[in-house]
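K.L.:
Here's a structure for you.
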Amino acid sequence: MPEIISPLGLLLDVDGPIASPDSRTIATPSIIADLITLAGANVPIGFITGRSAQFISEQVVAPLVDAGLPPVMRMYGVCEKGAVWFPITDAGMGEVVVDDSVALPEAVADRIRDLVGTDFADTMFFDETKLAMVSVEQRTDVDRAAYHVAQASFEEAAYTIMIEHGLGVRFGDRVSPDAAGAVPFRIDTTIISTDIESVDLDKDHAAKRALAFFAEGGVLPRLWRSVGDSRSDYKMADHLHAAGFDVAHVDVRPADGILDRPYPVIVEGELIHDAAGAAFLGYWVRKLGLGEVVPA
4 MPEIISPLGL
14 LLDVDGPIAS
24 PDSRTIATPS
34 IIADLITLAG
44 ANVPIGFITG
54 RSAQFISEQV
64 VAPLVDAGLP
74 PVMRMYGVCE
84 KGAVWFPITD
94 AGMGEVVVDD
104 SVALPEAVAD
114 RIRDLVGTDF
124 ADTMFFDETK
134 LAMVSVEQRT
144 DVDRAAYHVA
154 QASFEEAAYT
164 IMIEHGLGVR
174 FGDRVSPDAA
184 GAVPFRIDTT
194 IISTDIESVD
204 LDKDHAAKRA
214 LAFFAEGGVL
224 PRLWRSVGDS
234 RSDYKMADHL
244 HAAGFDVAHV
254 DVRPADGILD
264 RPYPVIVEGE
274 LIHDAAGAAF
284 LGYWVRKLGL
294 GEVVPA
(Lines of atoms letter the chains of each structure in order from A and count residues from 1; the text may use other names and numbers.)
(Lines give C-alpha, C1' and ligand atoms only; values in the text may rest on other atoms or scores of the structure.)
Protein backbone atom coordinates (compact mmCIF):
# COMPACT_ATOMS: atom_id res chain seq x y z
CA MET A 1 0.00 0.00 0.00
CA PRO A 2 1.48 3.43 -0.91
CA GLU A 3 2.39 5.74 1.92
CA ILE A 4 -0.17 8.43 2.74
CA ILE A 5 1.57 11.81 2.57
CA SER A 6 0.18 14.53 4.76
CA PRO A 7 -1.17 17.59 2.93
CA LEU A 8 0.30 19.93 5.55
CA GLY A 9 3.05 20.32 8.13
CA LEU A 10 3.04 22.72 11.10
CA LEU A 11 5.82 24.37 13.11
CA LEU A 12 4.27 26.21 16.05
CA ASP A 13 5.69 28.62 18.56
CA VAL A 14 3.99 28.05 21.93
CA ASP A 15 3.79 31.35 23.83
CA GLY A 16 1.37 33.51 21.88
CA PRO A 17 -0.24 31.33 19.21
CA ILE A 18 -0.90 28.27 21.40
CA ALA A 19 -0.56 29.32 25.05
CA SER A 20 -1.93 32.63 26.28
CA PRO A 21 0.89 35.09 27.08
CA ASP A 22 -1.18 36.20 30.07
CA SER A 23 -2.15 32.89 31.71
CA ARG A 24 0.79 30.90 30.21
CA THR A 25 -1.66 28.04 29.60
CA ILE A 26 -3.70 26.81 26.64
CA ALA A 27 -6.75 28.88 27.49
CA THR A 28 -8.76 28.23 24.29
CA PRO A 29 -10.25 24.70 24.28
CA SER A 30 -10.55 24.52 20.48
CA ILE A 31 -6.75 24.66 20.21
CA ILE A 32 -6.45 21.30 22.00
CA ALA A 33 -9.24 19.72 19.94
CA ASP A 34 -7.89 20.99 16.62
CA LEU A 35 -4.30 19.93 17.35
CA ILE A 36 -5.54 16.41 18.09
CA THR A 37 -7.67 16.37 14.94
CA LEU A 38 -4.78 17.52 12.76
CA ALA A 39 -2.34 15.06 14.37
CA GLY A 40 -4.81 12.26 13.64
CA ALA A 41 -4.83 13.31 9.98
CA ASN A 42 -1.08 12.65 9.73
CA VAL A 43 -0.13 16.34 9.91
CA PRO A 44 3.40 16.59 11.42
CA ILE A 45 3.24 19.07 14.30
CA GLY A 46 6.37 20.56 15.82
CA PHE A 47 6.32 22.80 18.89
CA ILE A 48 9.29 25.11 18.34
CA THR A 49 9.78 27.18 21.47
CA GLY A 50 12.12 28.88 23.85
CA ARG A 51 10.19 27.28 26.69
CA SER A 52 11.55 24.44 28.79
CA ALA A 53 10.70 20.77 28.37
CA GLN A 54 9.00 20.83 31.79
CA PHE A 55 6.76 23.72 30.74
CA ILE A 56 5.76 21.97 27.50
CA SER A 57 5.15 18.74 29.40
CA GLU A 58 2.83 20.41 31.89
CA GLN A 59 1.09 23.05 29.78
CA VAL A 60 0.94 21.45 26.32
CA VAL A 61 1.58 17.71 26.32
CA ALA A 62 -0.45 16.84 29.44
CA PRO A 63 -3.65 18.56 28.18
CA LEU A 64 -3.23 16.90 24.77
CA VAL A 65 -2.75 13.45 26.31
CA ASP A 66 -5.70 13.97 28.65
CA ALA A 67 -7.90 14.90 25.68
CA GLY A 68 -6.80 11.83 23.72
CA LEU A 69 -3.91 12.05 21.27
CA PRO A 70 -4.04 9.51 18.41
CA PRO A 71 -1.77 6.46 18.76
CA VAL A 72 -0.22 7.04 15.32
CA MET A 73 1.07 10.54 14.56
CA ARG A 74 4.18 12.67 14.16
CA MET A 75 4.52 15.23 16.96
CA TYR A 76 7.76 16.66 18.32
CA GLY A 77 9.00 19.27 20.75
CA VAL A 78 12.13 21.37 20.35
CA CYS A 79 12.64 23.55 23.41
CA GLU A 80 15.06 26.29 24.41
CA LYS A 81 15.33 27.23 20.71
CA GLY A 82 17.06 24.00 19.79
CA ALA A 83 18.98 23.01 22.93
CA VAL A 84 16.42 20.43 24.13
CA TRP A 85 14.27 18.02 22.12
CA PHE A 86 11.92 15.04 22.50
CA PRO A 87 9.21 13.07 20.68
CA ILE A 88 5.58 13.26 21.77
CA THR A 89 3.28 10.23 21.70
CA ASP A 90 -0.22 9.46 22.91
CA ALA A 91 1.41 8.39 26.19
CA GLY A 92 3.23 11.71 26.64
CA MET A 93 6.79 12.97 26.24
CA GLY A 94 9.53 10.63 25.14
CA GLU A 95 13.20 10.84 26.08
CA VAL A 96 14.42 14.40 26.61
CA VAL A 97 17.82 15.14 25.05
CA VAL A 98 19.90 18.17 26.08
CA ASP A 99 22.76 19.76 24.16
CA ASP A 100 25.04 20.76 27.04
CA SER A 101 27.54 22.37 24.65
CA VAL A 102 25.35 25.48 24.33
CA ALA A 103 24.68 25.96 28.05
CA LEU A 104 25.58 29.14 29.90
CA PRO A 105 28.40 28.64 32.46
CA GLU A 106 26.96 27.64 35.82
CA ALA A 107 28.76 30.44 37.68
CA VAL A 108 27.11 33.06 35.46
CA ALA A 109 23.68 31.43 35.80
CA ASP A 110 24.12 31.47 39.59
CA ARG A 111 24.94 35.19 39.60
CA ILE A 112 21.92 36.01 37.47
CA ARG A 113 19.70 33.90 39.74
CA ASP A 114 21.03 35.85 42.74
CA LEU A 115 20.50 39.16 40.90
CA VAL A 116 16.84 38.33 40.31
CA GLY A 117 16.29 37.23 43.90
CA THR A 118 17.98 40.29 45.37
CA ASP A 119 16.88 43.13 43.10
CA PHE A 120 14.01 42.06 40.86
CA ALA A 121 11.90 39.44 42.66
CA ASP A 122 8.93 41.81 42.84
CA THR A 123 8.49 41.77 39.04
CA MET A 124 10.13 38.60 37.68
CA PHE A 125 11.40 35.13 38.50
CA PHE A 126 14.33 32.94 37.46
CA ASP A 127 13.09 29.97 35.43
CA GLU A 128 14.53 26.92 37.22
CA THR A 129 13.17 24.53 34.60
CA LYS A 130 15.58 25.56 31.83
CA LEU A 131 18.30 23.00 31.09
CA ALA A 132 20.66 24.99 28.83
CA MET A 133 19.72 28.64 28.47
CA VAL A 134 18.91 31.10 31.25
CA SER A 135 15.45 32.69 31.26
CA VAL A 136 13.97 35.29 33.57
CA GLU A 137 10.23 35.77 33.24
CA GLN A 138 7.54 38.27 34.19
CA ARG A 139 5.45 37.32 37.22
CA THR A 140 1.82 36.79 36.22
CA ASP A 141 0.63 39.11 39.02
CA VAL A 142 2.66 42.05 37.71
CA ASP A 143 1.48 44.66 35.21
CA ARG A 144 3.17 44.30 31.81
CA ALA A 145 4.29 47.94 31.68
CA ALA A 146 5.83 47.76 35.15
CA TYR A 147 7.63 44.58 34.18
CA HIS A 148 9.11 46.16 31.07
CA VAL A 149 10.60 48.99 33.13
CA ALA A 150 12.23 46.48 35.48
CA GLN A 151 13.24 44.26 32.57
CA ALA A 152 15.35 47.01 31.04
CA SER A 153 17.26 47.47 34.29
CA PHE A 154 17.69 43.73 34.75
CA GLU A 155 19.09 43.26 31.26
CA GLU A 156 21.67 46.00 31.79
CA ALA A 157 22.79 44.31 35.00
CA ALA A 158 22.91 40.87 33.34
CA TYR A 159 24.98 42.28 30.46
CA THR A 160 27.47 43.65 32.99
CA ILE A 161 27.69 40.30 34.79
CA MET A 162 28.48 38.45 31.59
CA ILE A 163 31.23 40.91 30.67
CA GLU A 164 32.70 40.60 34.17
CA HIS A 165 32.92 36.83 33.64
CA GLY A 166 34.74 37.32 30.36
CA LEU A 167 31.93 36.04 28.16
CA GLY A 168 31.41 37.35 24.65
CA VAL A 169 27.87 38.70 24.48
CA ARG A 170 25.57 40.60 22.14
CA PHE A 171 22.85 42.80 23.63
CA GLY A 172 20.80 44.77 21.14
CA ASP A 173 23.22 46.87 19.12
CA ARG A 174 26.03 46.38 21.62
CA VAL A 175 28.66 43.68 21.24
CA SER A 176 31.32 42.74 23.79
CA PRO A 177 33.68 40.00 22.48
CA ASP A 178 35.54 37.63 24.77
CA ALA A 179 39.35 37.49 25.00
CA ALA A 180 39.52 35.46 21.78
CA GLY A 181 37.28 37.92 19.92
CA ALA A 182 34.29 35.58 19.91
CA VAL A 183 30.68 36.41 20.82
CA PRO A 184 29.06 33.08 21.72
CA PHE A 185 26.09 34.42 23.73
CA ARG A 186 23.29 36.95 23.37
CA ILE A 187 20.62 38.57 25.53
CA ASP A 188 17.23 38.23 23.82
CA THR A 189 14.23 40.28 24.94
CA THR A 190 10.61 39.07 24.63
CA ILE A 191 7.40 40.65 25.88
CA ILE A 192 7.28 38.37 28.94
CA SER A 193 10.88 37.28 29.47
CA THR A 194 14.59 37.70 28.89
CA ASP A 195 16.53 34.77 27.44
CA ILE A 196 20.30 34.55 27.80
CA GLU A 197 21.42 31.99 25.29
CA SER A 198 23.98 30.65 22.87
CA VAL A 199 24.03 32.36 19.47
CA ASP A 200 23.87 28.85 17.99
CA LEU A 201 20.28 28.58 19.21
CA ASP A 202 17.36 29.97 17.25
CA LYS A 203 14.09 28.95 15.64
CA ASP A 204 15.71 27.97 12.30
CA HIS A 205 18.09 25.62 14.14
CA ALA A 206 15.13 24.14 16.01
CA ALA A 207 13.05 23.82 12.83
CA LYS A 208 15.83 21.83 11.14
CA ARG A 209 15.88 19.38 14.05
CA ALA A 210 12.11 18.91 13.95
CA LEU A 211 12.10 18.26 10.19
CA ALA A 212 14.82 15.65 10.58
CA PHE A 213 12.68 13.84 13.13
CA PHE A 214 9.57 14.00 10.95
CA ALA A 215 11.51 12.65 7.96
CA GLU A 216 12.34 9.53 9.97
CA GLY A 217 8.60 8.80 10.16
CA GLY A 218 7.80 9.16 6.47
CA VAL A 219 7.76 11.46 3.49
CA LEU A 220 7.52 15.14 4.41
CA PRO A 221 4.63 17.23 3.08
CA ARG A 222 5.52 19.97 0.60
CA LEU A 223 3.16 22.51 2.17
CA TRP A 224 4.09 24.01 5.56
CA ARG A 225 2.88 26.74 7.87
CA SER A 226 4.88 28.24 10.72
CA VAL A 227 3.13 30.28 13.41
CA GLY A 228 4.61 32.69 15.92
CA ASP A 229 4.31 36.00 17.73
CA SER A 230 7.86 37.38 17.55
CA ARG A 231 10.19 38.45 14.75
CA SER A 232 12.53 35.53 15.50
CA ASP A 233 9.68 33.10 14.75
CA TYR A 234 10.02 33.98 11.06
CA LYS A 235 13.23 31.93 11.14
CA MET A 236 11.12 28.75 11.12
CA ALA A 237 9.70 29.74 7.74
CA ASP A 238 13.11 30.99 6.61
CA HIS A 239 14.49 27.47 7.06
CA LEU A 240 11.52 25.83 5.33
CA HIS A 241 11.76 28.24 2.40
CA ALA A 242 15.52 27.71 2.03
CA ALA A 243 14.95 23.95 2.09
CA GLY A 244 12.58 24.25 -0.88
CA PHE A 245 9.21 23.79 0.82
CA ASP A 246 6.03 25.72 -0.01
CA VAL A 247 5.70 27.78 3.16
CA ALA A 248 3.84 30.74 4.62
CA HIS A 249 4.32 32.25 8.06
CA VAL A 250 1.42 33.22 10.30
CA ASP A 251 2.21 36.28 12.45
CA VAL A 252 -0.10 36.47 15.45
CA ARG A 253 1.39 39.76 16.69
CA PRO A 254 1.81 41.78 13.48
CA ALA A 255 1.77 45.11 15.32
CA ASP A 256 5.45 44.50 16.12
CA GLY A 257 6.16 44.78 12.40
CA ILE A 258 5.59 42.34 9.55
CA LEU A 259 8.92 41.34 8.06
CA ASP A 260 9.63 41.44 4.33
CA ARG A 261 10.08 37.84 3.24
CA PRO A 262 10.11 35.92 -0.07
CA TYR A 263 7.16 33.81 1.12
CA PRO A 264 3.63 34.87 2.14
CA VAL A 265 3.03 36.27 5.62
CA ILE A 266 -0.50 35.69 6.95
CA VAL A 267 -2.39 37.55 9.67
CA GLU A 268 -5.73 36.54 11.16
CA GLY A 269 -7.55 39.83 10.68
CA GLU A 270 -7.69 41.78 13.92
CA LEU A 271 -7.07 38.67 16.05
CA ILE A 272 -3.80 38.30 17.95
CA HIS A 273 -2.03 35.79 20.17
CA ASP A 274 -3.91 32.57 20.95
CA ALA A 275 -7.15 33.92 19.46
CA ALA A 276 -5.33 34.14 16.14
CA GLY A 277 -3.72 30.74 16.72
CA ALA A 278 -7.13 29.19 17.37
CA ALA A 279 -8.56 30.76 14.20
CA PHE A 280 -5.62 29.45 12.15
CA LEU A 281 -5.95 25.87 13.42
CA GLY A 282 -9.71 25.91 12.97
CA TYR A 283 -9.29 27.06 9.38
CA TRP A 284 -7.05 24.12 8.53
CA VAL A 285 -9.31 21.59 10.23
CA ARG A 286 -12.12 22.80 7.98
CA LYS A 287 -9.97 23.19 4.87
CA LEU A 288 -8.76 19.59 5.14
CA GLY A 289 -12.34 18.38 5.58
CA LEU A 290 -11.78 17.27 9.14
CA GLY A 291 -14.41 19.39 10.84
CA GLU A 292 -17.60 21.29 10.23
CA VAL A 293 -17.96 22.53 6.67
CA VAL A 294 -18.20 26.31 6.47
CA PRO A 295 -20.69 27.62 3.85
CA ALA A 296 -19.10 29.45 0.92
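Those letters in the sequence shown? Residues 4 to 299, per the numbering used here, in order.
No residue lacks a Cβ here, since even glycine has one placed at the ideal position from N, Cα and C.
So, helix, strand or coil for Gly285, using DSSP?
P.N.:
In the structure shown, Gly285 sits in a helix (DSSP, three-state: H, G or I).
K.L.:
On a CA-only basis, which of Tyr237, Ala185, Glu219 is nearest Ile51? Give me that one, please.
P.N.:
Ranking Tyr237, Ala185, Glu219 by Cα distance to Ile51 puts Tyr237 first.
K.L.:
Where does Pro32 fall in DSSP's three states?
P.N.:
The answer is helix: DSSP assigns Pro32 an H, G or I state.
K.L.:
I'd like to check one pair, Val145 with Thr126: are the Cβ atoms closer than 8 angstroms?
P.N.:
For Thr126 and Val145, yes; Cβs fall inside 8 angstroms.
K.L.:
Using C-beta distances below 6 angstroms, list every residue in its chain close to Ser196, excluding the 5 sequence neighbours before and after it, in chain order.
P.N.:
If we look at Ser196 and ignore the five residues flanking it on each side, its Cβ neighbours are Ser138, Glu140.
K.L.:
Find the nearest neighbour of Lys211 within the set Met96, Val99, Ala86, Val75, judged by alpha-carbon distance.
P.N.:
Looking at the Cα atoms, Ala86 is the closest of the given residues.
K.L.:
Return the chain-ordered list of same chain residues with a C-beta closer than 7 angstroms to the C-beta of Glu83, the five sequence neighbours on each side being excluded.
P.N.:
The answer, listed in chain order, is Gly53, Ser55, Lys133, Leu134, Ala135, Met136, Leu204.
K.L.:
Between which two residues does the beta strand (DSSP E) carrying Phe128 extend?
P.N.:
Start and end: 127-129.
K.L.:
Are the beta-carbon atoms of Glu158 and Ile190 separated by less than 8 angstroms?
P.N.:
Yes, Cβ-Cβ distance for Glu158 and Ile190 is below 8 angstroms.
K.L.:
Extract the residue ranges of the beta strand (DSSP E) inside the region 4-70, only unbroken runs of 3 or more that lie entirely within it.
P.N.:
If we require 3 residues or more, the beta strand (DSSP E) runs fully inside the region 4-70 come out as 12-15, 48-51.
K.L.:
Between which residues of its own chain and Pro257 is the CB-CB distance below 6 angstroms, once the five residues before and five after are set aside?
P.N.:
Closer than 6 angstroms at Cβ, skipping near neighbours: Val270.
K.L.:
Go ahead and pull the three-state DSSP assignment for Ala251.
P.N.:
Ala251: strand per DSSP, three-state reduction.
K.L.:
Thinking Val255 and Ser229 are a contact (beta carbons under 8 angstroms), I'd like their distance in whole angstroms, please.
P.N.:
Not really, about 11 angstroms apart at Cβ, beyond 8 angstroms.
K.L.:
Closest to Thr28 by CA distance: which of Thr143, Asp117, Ala112, Thr40 is it?
P.N.:
Taking only the C-alpha atoms, the option nearest Thr28 is Thr143.
K.L.:
How about Ala149: is its C-beta nearer than 8 angstroms to some C-beta of chain C?
P.N.:
Absent from the structure is chain C; it holds one protein chain and no more.
K.L.:
Just how far apart, CA to CA, sit Asp117 and Tyr79?
P.N.:
Computed Cα separation, rounded: 34 angstroms.
K.L.:
Arg147 to Ser23, Cα distance in whole Å?
P.N.:
Approximately 14 angstroms, taken between the alpha carbons.
K.L.:
Counting pairs of beta carbons, one from the region 65-77 and one from the region 29-44, are three or more of them closer than 8 angstroms?
P.N.:
With the cut-off at 8 angstroms, the region 65-77 and the region 29-44 touch.
K.L.:
Could you pull the DSSP bridge partners for Gly231 from this structure?
P.N.:
Gly231 is bridged to Asp254.
K.L.:
Near Ala281, what residues of its chain come up, given a Cβ to Cβ distance below 6 angstroms and the 5 sequence neighbours on each side ignored?
P.N.:
Taken in chain order, the residues that qualify are Thr31, Ser33, Ile34.
K.L.:
Judging by CA-CA distance, which residue of Gly292, Ile48, Ala110 is the nearest neighbour of Ile21?
P.N.:
Minimum Cα distance to Ile21 is reached at Ile48.
K.L.:
Count the other CB atoms, across all protein chains shown, that sit within 10 Å of the CB of Val178; report buried if there are 16 or more and exposed otherwise.
P.N.:
Its Cβ having fewer than 16 others within 10 Å, Val178 is exposed.
K.L.:
With respect to the alpha helix (DSSP H) encompassing Ile115, which residues constitute its N-terminal and C-terminal limits?
P.N.:
Where Ile115 is concerned, the enclosing alpha helix (DSSP H) stretches over 109-118.
K.L.:
Under three-state DSSP, which class holds Val139?
P.N.:
Three-state DSSP puts Val139 in a strand.
K.L.:
So what does Thr92 bridge to, in DSSP terms?
P.N.:
Paired residues: Gly95.
K.L.:
Taking C-alpha atoms, which residue in Phe248, Gly221, Glu98 lies nearest to Ser311?
P.N.:
Limits of the chain in this structure are 4 at one end and 299 at the other, which puts residue 311 out of reach.
K.L.:
Let's test the definition: count the other Cβ atoms within 10 Å of the Cβ of Glu200 and tell me whether it reaches 16, buried, or not, exposed.
P.N.:
Buried, since its Cβ has 16 or more Cβ neighbours within 10 Å.
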